[in-house]
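Worksheet: one structure, shown below.
Numbering (full-length UniProt numbering), first residue to last: 1 to 238.
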């Protein structure tokens, strides 16, 4: 982990900010610039807890709303509570549903949403439609927990590091990308990169369910985890 993070830092892919809030803001700005520069690439933002995922999802949506890329908000009650969705939103499916051909962790983009129905273009090219009263296992899909991302592979990843991470989680987070990964942290969580590395190298912590904002979600079944585990490679230049 130390060697990998040093390599990422040497390539300009480790970003320190004064606070976690600043790190979150910087992450969203970099994510947005990257999204505009390479719109066809697949991407995800990863972090440790569901509470932080929600903050990142909301920040990503706010950025897209400012740029006029989302439609009108429609308020829905879904599995995790009240959410606003709009045409153009990224979403993640949270439960396997054979009739729709979706799995826990499937990602897509909303083509149309109203109070009762949603039509989504999945990342694999298929389109699905469903009644949101019958299937409400969805959330915004800009960010996800590292636990949720097990088995996921995308082109570009941004990671917000927080103190709950450990060796296993950092391996998962730093090996989800095909092309690039960027690691972000606040100095109120880690005073320096050395402390960040020590946290990411420690053995698996005994997380309480409250660390996640709720019980950890089952791992995504979208793709099998690579076997055997490979070494995290230094990032490609962008």
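We put the beta carbon where it would ideally sit given N, CA and C, even for glycine. Here the structure is a predicted model, which is why all the values come from computation and not from measurement.
- Hey, residue 159 and residue 196: beta-carbon distance below 7 Å or not? no
- Task: Would you kindly check if the distance between the Cβ of residue 90 and the Cβ of residue 77 is under 7 Å?
- Result: no
- Message: Just to confirm the assignment, what range does the beta strand (DSSP E) spanning residue 110 have?
- Response: 107 to 113
- Determine the direct distance from the alpha carbon of residue 72 to that of residue 85, and round the result to whole angstroms. 8 Å
- With a Cβ-Cβ cutoff of 7 Å, do residue 27 and residue 149 count as a contact? no
- Item | For residue 188 and residue 171, the rounded distance between their alpha carbons | 23 Å
- To the nearest angstrom, how far is it from the Cα of residue 137 to the Cα of residue 17? 34 Å
- Answer with yes or no whether the minimum CB distance from residue 112 to chain B is below 7 Å. In the structure shown, chain B does not exist; there is a single protein chain.
- Message: Can you give me the C-alpha to C-alpha distance between residue 95 and residue 202, rounded to a whole angstrom?
- Response: 31 Å
- Query: With burial defined as no fewer than 16 other Cβ atoms inside 10 Å of the residue's Cβ, what is the status of residue 215: buried or exposed?
  - Reply: Only weak support exists for where residue 215 lies, its pLDDT of 39 falling under 50; the value from the coordinates is given anyway. So residue 215 counts as exposed.
- Query: Where in the region 82 to 157 do unbroken runs of the beta strand (DSSP E), each at least 3 residues long, occur, reported from the N-terminal end onward?
  - Reply: 90 to 93, 107 to 113, 117 to 122, 127 to 131, 138 to 140 and 143 to 145
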